[in-house]
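Take a look at the structure below.
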C-alpha cells in the first residue's frame, strides 16, 4: 500500500511521470530486454513506457514494432508475474503492427495450458489476438478445454476470446456451442453471462433457434444478473421480429420484480423503448423508475432520470407522475442527475414553471460538463417549440450560456438552437440576431463565426434595422483570420445588394478590403465591388448570392454543352437546385455529426434512368428538371401493383412504371403500361419489362412529347397494364409451357398536373421585392384575377397549403407562415416552369365569411402566366 500512496503523492506533486516520453528514447531503452539475466523491475518499467505511448496514440512503424516485439519475447525467460502480464499486454498491442508475431504461439500455448492460474487467462487473450484462420485448428482443442475449465477467469477469457475469433472464422461460436452450453451451467455470474453471449452468437442467424434458446432460459431464469439483462435484450429484439411476442413481453414484465436492481432497470428500460408497449406496460416501467429516483445509490438515480428524460420526448404525459420526484432531484449533489431532472421537467412541466426552472438551472449550469450542457440546450430547443411565447426568457438564457466557457460542440448546439428558434418564431428573429452578433465578438471557433456571418448576410437585410449589423460584420474584417474575413466580405455584399440605402457606405468598406493580405478576401472584395458599382438592377442579388445548384447535373450539362457546337449561350436555368438536407432533431446525449453530402432525388433518378440502355441515347444530352412523388395506380392488396413516377424534362416526359407481380403461379413477360394520350401528347417510345417474376419488382417506361400549347399539358390519361402470362409452378417458378397468353389489367387514370412541371427557383433568402421589381424591369407578362375560394377552404392556413401544393411554387421569405388569428395575409411565391421560364406570384388573402384572394402572376412567358391563373380558377 505504501507504493500506491507514494504514487498518489507523486501525482499530486509532480504530475504524470510519463508525460515527456520520447518514442526514440524508449525504443532504445528497450534493448535491455536482450540482457541476460532479465531484470524484471527495469524491464517492467520500460515495457510500461511502451504501452503508455501506444495508448496515447503514438504510431510505431512496422520495423520499430517488429524489433520491439522480438525483444519483448526474450522476457518469457522470467517467471515474474507482473512482467509476464505486461508482456501479454504488449503482445496484444503490437500484434496488429509487427510482423511474424506467430513466433510466440508456442510460448502462449504453454502458458494457457500450464498450471499457473495467474498466467492462463491473460495468455488466452493474447493468443487469440495473433490467431489467424490457419492457426485456429491447432488451438481449437485447447480453447474448448479452457471454456469448461474450473477456473472462472480462464473460462470467461476463453468465452470472450471465442467471440473475438468470430472475426477470423464466422462459425467458431457454432463449433464451440456444446462447450458454451456446459459453461452456461456455471455458478460464476460472469461465466454464465459470457456463455450466453457465445450461444446467441452461434444461433443469431436462425430465428427459431434463438426463440428456442430464449424460451428455455425464460423458464429456468439465469442466476447471473448480467445474463438476465442479456436475456431481456434478446427477448426485446424477438418481440420486434415475431408476430406474437406476448410470451416474451410477459417475461420482461416479470423481470420488473427481480431481486437484482440491475435486472429491474434493464426490464423497465426495455419496456419504455419497445414499439409494441402499451400504456399499461409503460406505466409499470415508469413506476419502477420513479422508485429508483429516490434510491440512495447515485448510479440508480442517474439511470432512472436519464431514461425518464428520453421517455419524456415520446410519452410526456406518462412521466408527469414523476414530477415531484424529479423536483427533489434538482438539488442533487450529482450535477449530472440534477441536469437531467430539470431538462425532464422542462419537457413535461407547464408553461408557468419555465421561469422557475430556468433560474434553478442557472445556479449550477457552469459546474456541469459540456455533454450535459448540450442536454440542457436540447431541452430548451424543444421547450421553445412547445411554448413560443417564452422565447425571450429562453433566448436570454442561451445568450448567457454562449458567454460561458465551452467546447465547439457545446457552442454549436446553442447556435443551432437559436437559429431554430428564429426559424420557428418570426418574433424571435431580431433578438436572435442580436445575441449572435454579440457572440461573434469573442468567438474562438472559426467555423461558428463563418456560419453566423453567413446567417447575418441572409437574414440581416430583411430585418427592421439592417444598418445595426454592419458594425459587427466589419469588425470581423479588421480583427479575425482570413476565412472569417472572407465570410464577412460576402455578408457585407449581401447587405449592399439588398439594401440600396446602405450601398455607398458598404462600397467604401469593401474598397478597403481590396488591400487585404489574403488572396481570397481581396478577390471577393474586388468581385463584389465591380458588380455593385456597374449595376443597380435588383437582380444582381443572384450574382452576390448565387443559387445552390445540383453539382452532378451542372457537370453533366456543361459536358454536353462543350461537346455541342456551342452556338447558343449556356442556359444555367435548366440546372435543378441542390437539395437542402434537413438535420434531424438530436436526441439526448447524442453527439452532433457533420452532415454528409448526398444526391438529390433528381440526381439519383437520372443515374438510374441512364442505366437503361434504351433511355440512355434519349437522355444523354438532357437535364432532368423534376421528378414527381410516387403515385399509386393500383390498390396495394390486388394481384398486380403498379406505381408511377413522372420525370419531367424540358420538352418531354418520362413515365416510370414500377410493377410488382404478387401471384406465385404466374410469370409475366413483355410487361408494359399503355397510355391513351388522346392525341394531346406524342408517344416517343415505350420500353417494356421483359420478365416479371413473383415478388420481384420490374420497371417499364413510356416517353411522351409535351404539346406545344402549355395549357394542354395538364390532362388526365386512362392507363392499362398489358402483359403475356405464363402459368408456372409456385415453388420453382418454372413455366408449365412455353406458350403464354395475352392479358391486360385496367389501372387508375394518370394525371399530368401543373405541379409536375414546376420546381423551386433555386434562389433562397432573396428579398421578394427585388425579384418582383426585377421582373417588372425585364418586362415580364403580368396576369391578375380575384377569386372567392370554395367552401372547403375556411381558413387562410388551408388556403396557403392548398395553393402551394397545387401550384408547386416555393414560398418566399417564409410567407407560408401565418400569425394565429390573422384575417389578412400575403403569400409570396416563386418558381420555374420547365424550359427555364421564371414564375413569380403574389396572393393577397383575406378572411371574412369566406377566403378571397387577389392572385397576381408575372412570368417571362405570357402563356405560363395565363396557365397559372386559369389553373387556380
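Residue numbers (full-length UniProt numbering): 1 to 873.
Backbone N, C-alpha and C fix where the C-beta goes; we use that ideal spot for every residue, glycine too.
Determine the contact status of residue i and residue j, defining contact as a CB-CB distance below 8 Å.
i	j	result
residue 684	residue 703	yes
residue 655	residue 675	yes
residue 780	residue 860	yes
residue 232	residue 180	no
residue 877	residue 196	Here the chain comprises residues numbered 1 to 873, so residue 877 is not present and cannot be evaluated.
residue 289	residue 304	yes
residue 318	residue 286	yes
residue 855	residue 757	no
residue 129	residue 91	yes
residue 883	residue 302	Coverage of the chain is limited to positions 1 through 873, which leaves residue 883 absent and any answer about it impossible.
residue 198	residue 162	yes
residue 354	residue 390	yes
residue 34	residue 74	yes
residue 658	residue 699	yes
residue 235	residue 256	no
residue 631	residue 643	yes
For residue i, collect the residues of the same chain with a Cβ closer than 6 Å to its Cβ; drop the 5 residues on either side in sequence, then sort them by chain order.
i	result
residue 818	796, 797 and 825
residue 719	673, 675, 747 and 750
residue 552	603
residue 641	634 and 660
residue 99	66
residue 583	Caution is warranted here: a pLDDT of 43 is assigned to residue 583, below 50, making its placement in the model unreliable, and no coordinate value can be reported.
Nearest by alpha-carbon distance to residue i: which of the options is it?
i	options	result
residue 322	284, 46 and 418	284
residue 529	510, 519 and 518	510
residue 50	94, 79, 81 and 74	94
residue 362	371, 382 and 338	338
residue 309	295, 329, 297 and 213	329
residue 70	105, 613 and 58	105
residue 424	381, 333, 92 and 658	381
residue 647	454, 846 and 605	605
residue 146	140, 139, 155 and 138	155
residue 186	295, 152 and 115	152
residue 789	850, 736 and 759	850
residue 664	731, 810 and 252	731
residue 759	834, 775, 393 and 742	834
residue 628	740, 26 and 600	600
residue 228	190, 201 and 207	190
Would you decide whether residue i is buried or exposed? Buried here means 16 or more other CB atoms lie within 10 Å of its CB.
i	result
residue 853	buried
residue 307	buried
residue 41	exposed
residue 638	exposed
residue 164	exposed
residue 293	buried
residue 12	Only weak support is given to the placement of residue 12: the predicted model assigns it a pLDDT of 47, under 50, and the value that follows is read from those uncertain coordinates. Residue 12 comes out exposed.
residue 314	exposed
residue 205	exposed
residue 352	exposed
residue 207	exposed
Might you give, ordered along the chain, the residues of its own chain that have their beta carbon closer than 8 Å to the beta carbon of residue i, omitting 5 neighbours on each side?
i	result
residue 514	522, 525, 526 and 529
residue 24	none
residue 142	109, 112 and 113
residue 772	840, 842 and 858
residue 614	685, 687 and 701
residue 454	487, 490 and 491
residue 476	440, 449, 453, 484, 485, 487 and 488
Whose C-beta lies closer than 7 Å to the C-beta of residue i among residues of the same chain, with five residues either side of it excluded?
i	result
residue 379	343, 346 and 347
residue 862	781
residue 357	342, 345, 346 and 349
residue 591	A caution first: residue 591 carries a pLDDT of 35, below 50, which makes its placement in the model unreliable, though a value can still be read off. Around residue 591: 409.
residue 20	none
residue 446	481, 483 and 484
residue 793	799, 802 and 851
residue 261	300
I believe residue i touches residue j by the beta-carbon criterion, under 8 Å. Please report the beta-carbon distance rounded to the nearest angstrom.
i	j	result
residue 503	residue 479	The pair is not a contact, with the Cβ atoms about 24 Å apart (cut-off 8 Å).
residue 133	residue 172	With a Cβ gap of about 10 Å, residue 133 and residue 172 do not count as contacting.
residue 120	residue 88	Actually they do not touch by this definition, with Cβ atoms about 11 Å apart.
residue 809	residue 831	4 Å
When every heavy atom of the ligand ADP is checked, does at least one fall within less than 7 Å of the C-beta of residue i?
i	result
residue 681	Ligands in the displayed structure: none, and consequently the ligand ADP is not present.
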